[in-house]
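If you number the sequence shown the way UniProt numbering does, the last residue is 456 and the count never jumps. Working notes for the structure below.
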Amino acid sequence: MKYSEQAQLDREHYGKLIAKNGIKKFEKLFPHAVPTCIKYKVIAKVCTSGSCHLQGTPNARATFGVFWGDGHPKNFCEKVYGIQEKNRAELLAALIAIGQAIGNGYYAIKIQTESEFVKMVIDKKLNLEKPDYRNYHDLKYILDLLTRHIEVFVEHVKSHSGHHGNEQAGRLAKIAMYPDEEDVDEKAGKVGKINLNSREETQSGNTEKTSFLSLKNRRNTIDFAMKYSEKIQWYRQHYGVLVLIFGIKEFEELFPDEIATCVKYKVIAKVYTDGSCHLQGTPNARAGFGVFWGDGHPNNFSGKVDGIQENNRAELAAAEHAIWQAMRDGYSGVKIQTDSEFVRMVIDRTLDIRKPAYRNYHDLADLIEEWRKQIAICVEHVKSHSGHHGNEEADRLAKIATYPDEDDVDELAGSVGRIHLNKTHKRRAQLKRAKARKEEARLRKEMGCSLRKIPQ
């Protein structure tokens, strides 16, 4: 949301007052300002709830729900990773709500929950560092990190008292507990399809009769099969929120041991990009870009640059495409490694790209700013032609995109022939066409690959 200059001043003013007095005292001192603070995203009011089915048993299932409002896009529900119990679910719901508020630029959050446990933890009336609370040590660490960036106040609401927000948060928590039809098919597929009537278990290529798998044993088997994937999903959700909140650079400082796992589980993408321009500054300039994710990676890409044909535009187009790919694939952050200082300055906002002198890049810069709202972006500068494998591969992909294919040869070399008026000019066009084909053949031989038309 874009605010007027006065609204932004009000946000900063009220934010400072909240930081000084806390939410509870602020509401008493400035009750008339509370609706404005909610409207302009100074204070977030969120209802959270946790639930646990069959708590204390091996088949316990804990879930949580976060309710921002009817039809609100940030309403959220998910399963709990780790110990399956209600208190962990309640605390996790509060952490997710706090993370969402920080990520959306709020100065403070008011959490409405039925859990006295959450209230005591956030009000620091309960010390989770004691050995008795070892199941919450990981959440306590994250809570301490989050509360450095936002004021948090917890309001206790009575459960099952008709409180709309609390009822909806509880409903979300229960929705996450019960799988939908697709989840049932996916989970059941881990142990084979069960035919309850014939008591026959079938898998692809296997129709032998087996001993009947009871409902209880089947549930335990499904839980065991899904445990690993649930852990990965929780890890991505857990650290994805932190990446969005802190940004990649600060996240790497806070959690250096988690970087490799974040890359493995698609929380953070590490991508190399490069741009190239053949005959820059001439009418026949051809610019291309390359995006390198890794050897044999399906996201590796080389493409032609639209618009002005120049190297800086190619470099920026490569970065924009890499960011778009990472966002499409569900990453929370992308780290772009490039040899372009121009790209680094644009993304780090140390260069005022809105100046008229940079009008050729406004379209790409606008796209990057739009993607920045949905994914954390970081740029690392690498030295060009220094033997860095990723940079060399990105450069190779960029150069491939600048080679003309057969259609382009006719179009580029023959286009001038159509406007010439005498035989001399026609002969020059024919000669140019022949040279272009000869150059193409040489490049094919050197690269040892067949050139293809790159999709725009």
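C-beta: ideal position from N, C-alpha, C; glycine also.
### Message
Suppose you measure from the CA of residue 411 to the CA of residue 444; what does that come to, to the nearest Å?
### Response
Caution is warranted here: a pLDDT of 46 is assigned to residue 411, below 50, making its placement in the model unreliable, and the coordinate value is therefore given only provisionally. Each residue's Cα considered, the two are about 19 angstroms apart.
### Message
Could you give the first and the last residue of the continuous alpha helix (DSSP H) run that contains residue 170?
### Response
164-177
### Message
Within a Cβ cutoff of 6 angstroms, which residues of the same chain sit near residue 78, ignoring the five residues on either side of it in sequence?
### Response
Contacts found: 176.
#### Entry: Distance CB(residue 47)-CB(residue 67) smaller than 9 angstroms
yes
### Message
Could you check whether the segment 336-349 touches the segment 373-390, counting it as contact only if at least three pairs of C-beta atoms, one from each stretch, sit closer than 8 angstroms?
### Response
yes
#### Entry: Sheet register partners of residue 290 (DSSP bridge)
274 and 302
### Query
Taking the beta strand (DSSP E) that residue 151 falls in, what are its first and last residues?
Here the beta strand (DSSP E) through residue 151 covers 151-156.
#### Entry: When 27, 392, 374 and 288 are compared against residue 104, the one with the closest alpha-carbon
374
### Message
Is it buried or exposed, residue 86, if we count other Cβ atoms within 10 angstroms and call 16 or more buried?
### Response
buried
### Query
Whole-angstrom Cβ separation of residue 308 and residue 360, contact assumed at under 8 angstroms?
5 angstroms
### Query
Quick one, are the C-beta atoms of residue 115 and residue 49 less than 9 angstroms apart?
yes
#### Entry: Buried or exposed by the 16-neighbour rule on C-beta atoms within 10 Å, applied to residue 45
By the Cβ neighbour-count rule, residue 45 is buried, with 16 or more other Cβ atoms within 10 Å of its own.
### Query
Which residue's Cα is closest to the Cα of residue 370: 327, 345 and 59?
327
### Query
When the Cα atoms are used, what is the spatial distance from residue 156 to residue 13?
It is roughly 28 angstroms from the alpha-carbon of residue 156 to the alpha-carbon of residue 13.
### Query
Which residue spans inside the UniProt domain "RNase H type-1" (265-403) form an unbroken alpha helix (DSSP H) run of at least 4?
311-328, 341-347, 362-372 and 389-402
### Task
State the DSSP-derived secondary structure class of residue 103, mapped to helix, strand or coil.
helix
### Separation of residue 362 from residue 136, as counted between CA atoms
In this structure, the straight-line span from the alpha carbon of residue 136 to that of residue 362 is close to 47 angstroms.
### Query
What did DSSP end up calling residue 72 once you bin it into helix, strand or coil?
coil
### 8 angstroms Cβ shell around residue 24 - same chain, five flanking residues per side excluded
Closer than 8 angstroms at the Cβ level, and outside the excluded window around residue 24, lie 153.
### Query
Which residues in the same chain have their Cβ closer than 7 angstroms to the Cβ of residue 293, if we skip the five residues on either side of it in sequence?
271, 299 and 300
### Message
Closest to residue 378 by C-alpha separation, out of 33, 313 and 243, would be which residue?
### Response
Comparing Cα positions, the closest option is 243.
### Query
Looking only at C-alpha atoms, which of 75, 58 and 372 sits nearest to residue 64?
Per the Cα distances, 75.
### Message
Please classify residue 178 as buried or exposed, where buried requires at least 16 other C-beta atoms within 10 Å of its C-beta.
### Response
exposed
### Task
Label residue 100 either buried or exposed according to how many other C-beta atoms from any shown protein chain fall within 10 Å of its C-beta, with 16 as the threshold for buried.
buried
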